[in-house]
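Here is the structure we will look at, set down as structure tokens.
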Amino acid sequence: MPKEAVVNKWQVFQNIREARELLGATDRSLAILNALLSFHRETELSAEGELIVWPSNEQLIARANGVSPATLRRHLAILVECGLIIRRDSPNGKRFARRSRAGEIEQAYGFDLSPIVARAAEFNDLAEAVQAEKKAFRVARERLTLLRRDIVKMIDAGIDEGAPGNWGRVLQTYQATISRLPRTASRQLIEDICAELHDLHAEIRDVLESFAKTQNLNANESHFERHIQNSNPDSISESENSCREKKEANGSVAETDNVRSLPKRDLPLSIVLDACPNMRDAAQTGEIRHWRDFLAAAELVRTMLGVSPSAWAAAREAMGEVQAAIALAAIYQRADQINSAGGYLRSLTDKARDGKFSTWPMVMALLRARLDEGKQQQTPESVTSEPGARLEVSDSLLNSLRKRKL
Numbered sequence: 001m002p003k004e005a006v007v008n009k010w011q012v013f014q015n016i017r018e019a020r021e022l023l024g025a026t027d028r029s030l031a032i033l034n035a036l037l038s039f040h041r042e043t044e045l046s047a048e049g050e051l052i053v054w055p056s057n058e059q060l061i062a063r064a065n066g067v068s069p070a071t072l073r074r075h076l077a078i079l080v081e082c083g084l085i086i087r088r089d090s091p092n093g094k095r096f097a098r099r100s101r102a103g104e105i106e107q108a109y110g111f112d113l114s115p116i117v118a119r120a121a122e123f124n125d126l127a128e129a130v131q132a133e134k135k136a137f138r139v140a141r142e143r144l145t146l147l148r149r150d151i152v153k154m155i156d157a158g159i160d161e162g163a164p165g166n167w168g169r170v171l172q173t174y175q176a177t178i179s180r181l182p183r184t185a186s187r188q189l190i191e192d193i194c195a196e197l198h199d200l201h202a203e204i205r206d207v208l209e210s211f212a213k214t215q216n217l218n219a220n221e222s223h224f225e226r227h228i229q230n231s232n233p234d235s236i237s238e239s240e241n242s243c244r245e246k247k248e249a250n251g252s253v254a255e256t257d258n259v260r261s262l263p264k265r266d267l268p269l270s271i272v273l274d275a276c277p278n279m280r281d282a283a284q285t286g287e288i289r290h291w292r293d294f295l296a297a298a299e300l301v302r303t304m305l306g307v308s309p310s311a312w313a314a315a316r317e318a319m320g321e322v323q324a325a326i327a328l329a330a331i332y333q334r335a336d337q338i339n340s341a342g343g344y345l346r347s348l349t350d351k352a353r354d355g356k357f358s359t360w361p362m363v364m365a366l367l368r369a370r371l372d373e374g375k376q377q378q379t380p381e382s383v384t385s386e387p388g389a390r391l392e393v394s395d396s397l398l399n400s401l402r403k404r405k406l
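Residue 253 in the UniProt record's numbering is what sits at position 253 of the sequence shown, and the numbering runs on without skipping anything.
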């Protein structure tokens, strides 16, 4: 650092405290350092200024919350060893300053704070590295929590709905993987466990997607498509669309009986986001990691679509908060094809009250639509110029959607 460098001593102290483990310092030694910094009158420290302070042990003990003399000596030694201060001892070991007749300090003996200035950039880099590691660790733990939650829900759904698969083996694999997590795990171990759980998650999701394909969902999906195609572009009110769409939503018994055979468990968040990627753009943070993020995004989408508070409240009461948010996300995904989102949501709400509505066919229909769109975009030119434009979905979902439209 150049000689004219000037740093804020308290900002540097915050960086040192953040990086204390990398520096080898302790909380108690930093309390001593904080006391030493308080004896320097200026907040800004300059490499060309006087950076030696000379408090007595009694003064230091008083400002360090009354530590013992032995503790004070031990932690002063730690600060010196960490390169945070330098001892400038007088011949007799006392700490003092010799002043000129003009009152200027000619010679001072005590603790030199120059490392605070000289290593300020280093301390900042170390603090940023620690913060980045903490963030990576937090993200890894959040990912682990989401994977565990989704896997347990999907296993339960597979067992309860009679989906084909060796669920006993899947459950044993999951439990064996989780059992390797100690009470306090490193980030690397958590990421390794997440990688294994991600593979298991994909395997279970493929099974459930194939199972959903085999259900009799044709009536529900065609009903969903009809609502979109028959939406009247000249309609000017939510109530008018609600009346028309409510009649269309009634359908025949054959169209609604198949809802009873659909999975009753909630869809995993990852599958919903695959089907409704526009929700990520609506999220305030740009990320949706938890259902609470999804629900917050749904509140914003409601206002964007012009859905009235009463229609939204009725949907949540009839479907449940999460299912209503999923239905709204599906409507938002095809907002350009639906004239009245509020009217359509009300018709779905009426069906939900009669037990004739499930979000599964809506989500599966959107997944198929995204696949079809991806296939249309894959011209030789687009493959060459936009290699990342292709929709990434699981192999089993690709196969099932190619064989049969849900």
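All C-beta atoms in this analysis are idealised placements derived from N, C-alpha and C, irrespective of residue type, glycine included.
Open item on the list: Does the region 80-93 come into contact with the region 20-29, if we say contact requires no fewer than three beta-carbon pairs (one atom in each stretch) closer than 8 angstroms?
Closed with: yes
Task: Inter-residue spacing [alpha-carbon to alpha-carbon] between residue 448 and PRO277 - done: The question about residue 448 has no answer here: the residues shown for the chain are numbered 1 through 406.
Task: Local Cβ density within 10 Å of THR177, reported as buried at 16 or more and exposed below that - done: buried
TODO: Below 8 angstroms on the Cβ atoms is my guess for MET319 versus ALA352; work out the distance and round it to an integer in Å.
DONE: 5 angstroms
TODO: Going by CA-CA distance only, name the one from LEU273, ALA136, ALA315 that's closest to ASP354.
DONE: ALA315
Task: Rounded separation between ILE181 and LEU273 - CA only - done: Reading the sequence as shown, one finds Leu at residue 181 and not Ile. Near 28 angstroms, if we compare the C-alpha coordinates of LEU273 and LEU181.
Task: SER382 (DSSP reduced to helix, strand or coil) - done: No answer about SER382 holds up, because its pLDDT of 42 lies below 50 and its placement is not dependable.
- [ ] Put ARG101 into one of helix, strand or coil per three-state DSSP.
- [x] coil
TODO: Output the distance between the C-alpha atoms of ARG205 and ASN166, rounded to the nearest integer angstrom.
DONE: 14 angstroms
Task: Cα-Cα separation, ASN65 to GLN11 - done: 22 angstroms
TODO: Could you tell me whether the Cβ atoms of ILE299 and ASP293 are closer together than 8 angstroms?
DONE: Note that residue 299 is Glu in the sequence shown, not Ile. Their beta carbons are not under 8 angstroms apart, which means GLU299 does not touch ASP293 by this criterion.
Task: Candidates LEU189, ILE86, ALA341, of which the one nearest ALA118 by Cα - done: ILE86
Open item on the list: Quick check on DSSP: helix, strand or coil for ARG20?
Closed with: helix
- [ ] Excluding the 5 residues preceding and the 5 following TRP194 in the sequence, name in chain order all residues of the same chain whose CB lies nearer than 7 angstroms to its CB.
- [x] Per the sequence shown, the amino acid found at residue 194 is Cys instead of Trp. Around CYS194: ALA140, ARG143, LEU144, LEU147.
Open item on the list: Going by DSSP in three states, ILE271 sits in which element: helix, strand or coil?
Closed with: helix
Open item on the list: DSSP has ARG185 in a bridge; who is on the other side?
Closed with: Note on residue identity: the sequence assigns Ala, not Arg, to residue 185. ALA185 pairs with nothing; no bridge assigned.
Task: Sequence-distant residues of its chain with Cβ nearer than 7 angstroms to ASN8 (five each side left out) - done: THR43, GLU44
Task: Nearest to GLY157 (by Cα), restricted to the options LEU269, LEU208, LEU36, SER68 - done: What sits at residue 157 in the sequence shown is Ala, not Gly. If we check each option's Cα against that of ALA157, LEU208 comes out closest.
TODO: From the DSSP output, read off the bridge partner residues of ASN92.
DONE: Answer by DSSP bridge pairing: none, since ASN92 is not bridged.
Open item on the list: Using only the alpha-carbon positions, how far apart do GLU161 and ASN15 sit?
Closed with: 54 angstroms
Task: DSSP three-state assignment for ALA25, whether helix, strand or coil - done: coil
Open item on the list: Quick check: the Cα distance between SER242 and ASP336, rounded to an integer number of angstroms?
Closed with: Annotation note: pLDDT 44 at SER242 (below 50); position unreliable, coordinate value reported separately. If I take the Cα positions, the gap works out to 18 angstroms.
- [ ] Leaving out five residues on either side along the sequence, give the residues of the same chain with a beta carbon under 8 angstroms from the beta carbon of ARG88.
- [x] ILE52, ALA108, TYR109, GLY110, PHE111, ASP112
- [ ] Could you tell me which residues DSSP puts in a beta bridge with GLU44?
- [x] ASN8
Task: Nearest-angstrom Cα separation, counted from LYS153 out to GLU240 - done: In this predicted model, GLU240 has a pLDDT of only 40, less than 50, meaning its place in the structure is not dependable enough to derive any value.
Task: Same chain only: Cβ atoms within 8 angstroms of ILE331, ignoring 5 sequence neighbours per side - done: LEU305, ILE338, ALA341, TYR344, LEU345
- [ ] Identify, in the order they occur along the chain, each residue of the same chain with its Cβ nearer than 8 angstroms to the Cβ of LEU267, setting aside the five sequence neighbours on each side.
- [x] ILE326, THR359, TRP360, VAL363
Task: Alpha-carbon to alpha-carbon, ARG149 and GLU133 - done: 24 angstroms
- [ ] Under the assumption that ALA19 contacts VAL130 (Cβ atoms under 8 angstroms), give the Cβ distance between them as a whole number of angstroms.
- [x] 5 angstroms
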